Amino acid sequence: MSAVINVHDLNFSFGSGALTQPVLKNVTISIYKGEIVLMTGPSGSGKTTFLTIIGGLRQAYHGSVVVLDQQLINSNEQVKVKVRQQIGYIFQQHNLLKSLTALQNVCMTLEMQNSMTEQQRLDRAAEMLRAVGLGDRLNYKPDQLSAGQRQRVSIARALVGRPQIVLADEPTASLDKQSGHEAVAILKRLAKESQTTILLVTHDYRILDIADRVVELEDGVIKNA
Amino acid sequence: MNITAWFYFPARLAWRQLIFDRTKLIAATCGVLFACMLVFMQLGFRDSLYASAASAPIKLNGDLFLVHKQSEAMWRSIPFKRSELMRALGNPAVAEVYSLYLALAPFKNIETQVKRTLMVYGFDPDSMIFDIEDIQNKRIELRLKDTVLFDEYSRPEFGPVRPLLEAGRNGTEINDYKVIITGLFRLGISFAADGNVVTSDLNFMRIFPERSLSNIDVGVIRLHPGSSAKQTQAELSGQLNEFVNILTYEELLQHEKDYWANMAPIGFIFGFGTVMGLVVGLVIVYQILFTDITNHRNEFATLKAMGYEHGYFIRVVFASAFFLALLGFIPGYVLSVGLYHLAESQIFMPMPMTFSKVITVFTFILSMCAMAGFLAIHKLKAANPADMF
Numbered sequence: 001m002s003a004v005i006n007v008h009d010l011n012f013s014f015g016s017g018a019l020t021q022p023v024l025k026n027v028t029i030s031i032y033k034g035e036i037v038l039m040t041g042p043s044g045s046g047k048t049t050f051l052t053i054i055g056g057l058r059q060a061y062h063g064s065v066v067v068l069d070q071q072l073i074n075s076n077e078q079v080k081v082k083v084r085q086q087i088g089y090i091f092q093q094h095n096l097l098k099s100l101t102a103l104q105n106v107c108m109t110l111e112m113q114n115s116m117t118e119q120q121r122l123d124r125a126a127e128m129l130r131a132v133g134l135g136d137r138l139n140y141k142p143d144q145l146s147a148g149q150r151q152r153v154s155i156a157r158a159l160v161g162r163p164q165i166v167l168a169d170e171p172t173a174s175l176d177k178q179s180g181h182e183a184v185a186i187l188k189r190l191a192k193e194s195q196t197t198i199l200l201v202t203h204d205y206r207i208l209d210i211a212d213r214v215v216e217l218e219d220g221v222i223k224n225a
Numbered sequence: 001m002n003i004t005a006w007f008y009f010p011a012r013l014a015w016r017q018l019i020f021d022r023t024k025l026i027a028a029t030c031g032v033l034f035a036c037m038l039v040f041m042q043l044g045f046r047d048s049l050y051a052s053a054a055s056a057p058i059k060l061n062g063d064l065f066l067v068h069k070q071s072e073a074m075w076r077s078i079p080f081k082r083s084e085l086m087r088a089l090g091n092p093a094v095a096e097v098y099s100l101y102l103a104l105a106p107f108k109n110i111e112t113q114v115k116r117t118l119m120v121y122g123f124d125p126d127s128m129i130f131d132i133e134d135i136q137n138k139r140i141e142l143r144l145k146d147t148v149l150f151d152e153y154s155r156p157e158f159g160p161v162r163p164l165l166e167a168g169r170n171g172t173e174i175n176d177y178k179v180i181i182t183g184l185f186r187l188g189i190s191f192a193a194d195g196n197v198v199t200s201d202l203n204f205m206r207i208f209p210e211r212s213l214s215n216i217d218v219g220v221i222r223l224h225p226g227s228s229a230k231q232t233q234a235e236l237s238g239q240l241n242e243f244v245n246i247l248t249y250e251e252l253l254q255h256e257k258d259y260w261a262n263m264a265p266i267g268f269i270f271g272f273g274t275v276m277g278l279v280v281g282l283v284i285v286y287q288i289l290f291t292d293i294t295n296h297r298n299e300f301a302t303l304k305a306m307g308y309e310h311g312y313f314i315r316v317v318f319a320s321a322f323f324l325a326l327l328g329f330i331p332g333y334v335l336s337v338g339l340y341h342l343a344e345s346q347i348f349m350p351m352p353m354t355f356s357k358v359i360t361v362f363t364f365i366l367s368m369c370a371m372a373g374f375l376a377i378h379k380l381k382a383a384n385p386a387d388m389f
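Chains as they are written, first to last, in our numbering: chain A, 1 to 225; chain B, 1 to 389.
Written out as structure tokens, the structure reads:
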């Protein structure tokens, strides 16, 4: 099995000089293709920071972070943009564009791909929304949808580009137990179908059952890699 | 990356975001519309001023014109000796010369007796000095003593002259001298004179006893067919005294316009009004774009996390600016056309909506919005996904 995410001795801190606040300390972890990894830990343990480094959103300077064969440590903007385009991101809040319909929101992922025609984009996005059970809500705007439905739209948005990796940052935080579980179950089903790797950060213990592996991060240190 | 994706997608996103918040869109459109109308009106008045300044010289029928070097404009000309004009006849290219006498004088409203100043033109009725049919047809009547023709396009304060003439009431006073209006013509007013009257050179001297036939205001020179105005102008400037300016037809028109554009502060005032309109529009559009970016910061950061590049968001902002320019310009243009008609009917000044003016104003508005977009894009830096999540 090949590792799609390979992190070795990653150190990261906020601030500088006397105010330096270490967040991640010698983090080493490999995540393999098709794996579903849940990262748990108390708030402030550096989970989200770790996720933003993997996702190419935050620049780290020490250690090694290889994502999809790209070294992200001291990388330039082009490398990060390239990595971001191959990653599906699911946020704590749904972060949908409120002026766009569900279908148009999902299409935003595909508009970066020039090889498709507009009709192909719409078809693929609609198909994806049907797969998350929103086939009858294609033309609804986010504020006409429930919280669970919105999160499902954002799952569709993350998966529609057939990414190699999906990064999810507390995707169930704003959902009740049932819709939270529904959302991650859909995520798991679709990821398994397409051999997508998932790294999911959460402290929602109700969804641990979907994971292939659970790692715990505490004070910037991985306890059971 | 193909061009459709490069521009169409960000433009479409900008459009969808604009139409999502209708209230704000209307407010933004009103801002651009306001700026647009202000600029249209300022330019309209300015061009109308220049056009009206040339309304009399544009109808003059000649190839070269003599004016005193000290004359700022025709309406406040300095007379010079007619002998100077006669000397021009010495040039073989010159066919005929005619004298034009000008003066501002009070004209008594036939009905109300109120006096108001207008411009009086005096010339030999046979000279065909004005290229206006109604004047040329009346040359026999103009030869009679104390007869004048009245400009129908004069301001209404001079009285309803046409119905009065039809009713047989044709006597009035110019410069306290009794005259008879024997007909009407159409010329148009300017900022210098609210009305016009033409008469024969001899009648002109009767109305203005202090003037003399040998002191003329403008000398009109006609050349033999086939002669070059430019060349004759150059020859004459060597032959005539240096206190006269020899102008071609185009130079005379420019000379009259330049007076209002440069000598009088009026050209500056309208230019200043135009700039102020654009500045107000700029500030409004900038505010709209700026708050738009602030409100969409989270969404932009999300798109950035999905792999959209910084340039995409710059294009979104400029596309929004472009749409605002277009949305404000179209109603602004329609309303300005209405206001131009209103102005024409109320102040009797020509206010044509020319194609070049439409293009000019649209370019101004577009640059204004682009400038606002340029100022607003620095706010995009706030949309940093790492700080967002």
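We treat Cβ as the ideally placed atom computed from N, Cα and C, and that holds for glycine. These numbers were taken from a predicted model, which means no experiment stands behind them.
Within chain A, partners of residue 307(B) - CB distance below 7 Å: Residue numbering aside, residue 307(B) sits at position 307 when the second sequence is read from its first letter. The answer, in chain order, is 81, 84, 85, 112.
Do residue 34(B) and residue 281(B) have their CB atoms nearer than 8 Å? Taking the first residue of the second sequence as position 1, residue 34(B) is located at position 34. Taking the first residue of the second sequence as position 1, residue 281(B) is located at position 281. Contact flag set, yes.
Rank 48(B), 120(B), 36(B), 63(B) by C-alpha distance to the C-alpha of residue 76(B) and give the top, closest one. Residue numbering aside, residue 76(B) sits at position 76 when the second sequence is read from its first letter. With distances taken between Cα atoms, residue 76(B) lies closest to 120(B).
Count the other CB atoms within 10 Å of the CB of residue 71(B); is the residue buried (16 or more) or exposed (fewer)? Sequence index remark: in the second sequence, residue 71(B) carries index 71 (1-based). Result: buried.
Option in 82(A), 9(A), 119(A) with minimal Cα separation from residue 163(A): Numbered from its first residue, the first sequence carries residue 163(A) at position 163. With distances taken between Cα atoms, residue 163(A) lies closest to 82(A).
Tell me the rounded alpha-carbon separation between residue 225(B) and residue 64(B). If you number the second sequence from 1, residue 225(B) lands on position 225. If you number the second sequence from 1, residue 64(B) lands on position 64. Looking at the two C-alpha atoms, the distance is approximately 13 Å.
Bridge partner(s) assigned by DSSP for residue 98(B): One-based indexing of the second sequence puts residue 98(B) at position 98. Its beta-bridge partners are 220(B).
Looking at chain A, is there any beta carbon in it that lies within less than 8 Å of the beta carbon of residue 25(B)? In the second sequence, residue 25(B) corresponds to position 25, counting from 1. Judged by the 8 Å Cβ criterion, residue 25(B) is not in contact with chain A.
Using a threshold of 8 Å, state whether the C-beta atoms of residue 166(A) and residue 40(A) are closer than that. On the first sequence, position 166 is the one that residue 166(A) refers to. On the first sequence, position 40 is the one that residue 40(A) refers to. Cβ atoms of residue 166(A) and residue 40(A): not closer than 8 Å.
Could you tell me which of 261(B), 10(B), 122(B), 73(B) sits nearest to residue 101(B), measuring between CA atoms? As a working mapping, residue 101(B) is identified with position 101 in the second sequence. Residue 122(B) is the option with its Cα nearest to residue 101(B).
Does the beta carbon of residue 289(B) sit closer than 8 Å to a beta carbon anywhere in chain A? By one-based count along the second sequence, residue 289(B) stands at place 289. With 8 Å as the cut-off, residue 289(B) does not count as an interface residue toward chain A.
is_contact[residue 226(A), chain B] using C-beta, thresh 8 Å: As shown, chain A starts at 1 and ends at 225. That puts residue 226(A) outside it, with no answer to give.
CB contact check: residue 20(B) to chain A, cutoff 8 Å: Along the second sequence, read from residue 1 onward, the residue named residue 20(B) stands at position 20. Judged by the 8 Å Cβ criterion, residue 20(B) is in contact with chain A.
Express the C-alpha separation of residue 324(B) and residue 241(B) in angstroms, rounding to a whole number. To locate residue 241(B), count along the second sequence from 1; it is residue 241. To locate residue 324(B), count along the second sequence from 1; it is residue 324. Roughly 59 Å between the two C-alpha positions.
Taking the alpha-carbon of residue 210(A) as reference, which of 217(A), 218(A), 201(A) has the nearest alpha-carbon? Within the first sequence, numbered from 1, the residue matching residue 210(A) stands at position 210. Looking at the Cα atoms, 201(A) is the closest of the given residues.
What would DSSP say about residue 186(B), mapped onto helix, strand or coil? Here residue 186(B) is taken as the residue at index 186 of the second sequence, counted from 1. Looking at residue 186(B) - three-state DSSP - the assignment turns out to be coil, as it is neither helix nor strand.
Per-residue contacts from residue 89(A) into chain B (C-beta, under 7 Å): Here residue 89(A) refers to the residue found at position 89 of the first sequence. By Cβ distance, chain B contributes 305, 306.
Cβ shell of residue 121(A) (< 6 Å), same chain only, five flanking positions each side left out: Translated into the one-based positions of the first sequence, residue 121(A) becomes position 121. Cβ neighbours of residue 121(A) beyond the five flanking positions: 107, 110.
Comparing alpha-carbon positions, which option in 176(A), 140(A), 198(A), 144(A) lies nearest residue 155(A)? In the first sequence, residue 155(A) corresponds to position 155, counting from 1. The candidate whose alpha carbon is nearest that of residue 155(A) is 198(A).
Rounding to the nearest angstrom, what Cα-Cα distance links residue 95(B) and residue 136(B) in this structure? Residue numbering aside, residue 95(B) sits at position 95 when the second sequence is read from its first letter. Residue numbering aside, residue 136(B) sits at position 136 when the second sequence is read from its first letter. One C-alpha to the other measures close to 20 Å.
DSSP three-state label for residue 116(B), please. Position 116 of the second sequence, counted from the start, is the residue given in the question as residue 116(B). Residue state, collapsed to three classes: strand.
Report the rounded CA-to-CA distance for residue 215(B) versus residue 263(B), giving the unit in angstroms. Position 215 of the second sequence, counted from the first residue, corresponds to residue 215(B). Position 263 of the second sequence, counted from the first residue, corresponds to residue 263(B). Rounded to the nearest angstrom, the two C-alpha atoms are 25 Å apart.
Going by DSSP, name the residue or residues bridged to residue 123(B). By 1-based counting over the second sequence, the position of residue 123(B) is 123. DSSP output for residue 123(B) lists 100(B), 200(B) as bridge partner(s).
From the DSSP output, in three-state form, read off residue 11(A) for me. On the first sequence, position 11 is the one that residue 11(A) refers to. Three-state DSSP puts residue 11(A) in a strand.
Out of curiosity, what's the CA-to-CA distance linking residue 340(B) and residue 351(B)? Looking up residue 340(B) in the second sequence gives position 340. Looking up residue 351(B) in the second sequence gives position 351. Each residue's alpha carbon lies about 6 Å from the other.
Whether or not the segment 284-304 of chain B and the segment 12-31 of chain B are in contact is what I'm after, with contact meaning three or more pairs of Cβ atoms, one per stretch, closer than 8 Å; do they touch? yes
Does residue 99(A) have its Cβ less than 8 Å from a Cβ in chain B? Mapped onto the first sequence, residue 99(A) falls at position 99. Yes, contact with chain B.
Near-chain B residues of the segment 56-74 of chain A (beta-carbon distance less than 9 Å), N- to C-terminal order: 56, 57, 58, 59
Closest Cα partner of residue 61(A) within the set 105(A), 101(A), 95(A), 9(A): Looking up residue 61(A) in the first sequence gives position 61. Ranking the options by Cα distance to residue 61(A), first place goes to 9(A).
Give the straight-line distance between the Cα atoms of residue 250(B) and residue 229(B), rounded to the nearest whole angstrom. Residue numbering aside, residue 250(B) sits at position 250 when the second sequence is read from its first letter. Residue numbering aside, residue 229(B) sits at position 229 when the second sequence is read from its first letter. Taking the straight line from one Cα to the other gives about 11 Å.
Would you report the Cα separation of residue 255(B) and residue 73(B), rounded to the nearest angstrom? In the second sequence, the residue the question calls residue 255(B) occupies position 255. In the second sequence, the residue the question calls residue 73(B) occupies position 73. Each residue's alpha carbon lies about 7 Å from the other.
Rounded to whole angstroms, what's the CA-CA distance from residue 23(A) to residue 279(B)? Just pull it up for me. The residue labelled residue 23(A) in the question sits at position 23 within the first sequence. The residue labelled residue 279(B) in the question sits at position 279 within the second sequence. Taking the straight line joining both Cα atoms gives about 48 Å.
Return no unless some Cβ of chain A is closer than 8 Å to the Cβ of residue 254(B). The sequence position of residue 254(B) within the second sequence is 254, counting from 1. No, no contact with chain A.
Does the Cβ-Cβ distance between residue 186(B) and residue 217(B) come in under 8 Å? Mapped onto the second sequence, residue 186(B) falls at position 186. Mapped onto the second sequence, residue 217(B) falls at position 217. No. Outside cutoff.
Applying the 10 Å Cβ sphere with the 16-neighbour rule, what's the burial state of residue 277(B)? Here residue 277(B) corresponds to residue number 277 of the second sequence, with the count starting at 1. Label assigned to residue 277(B): buried.
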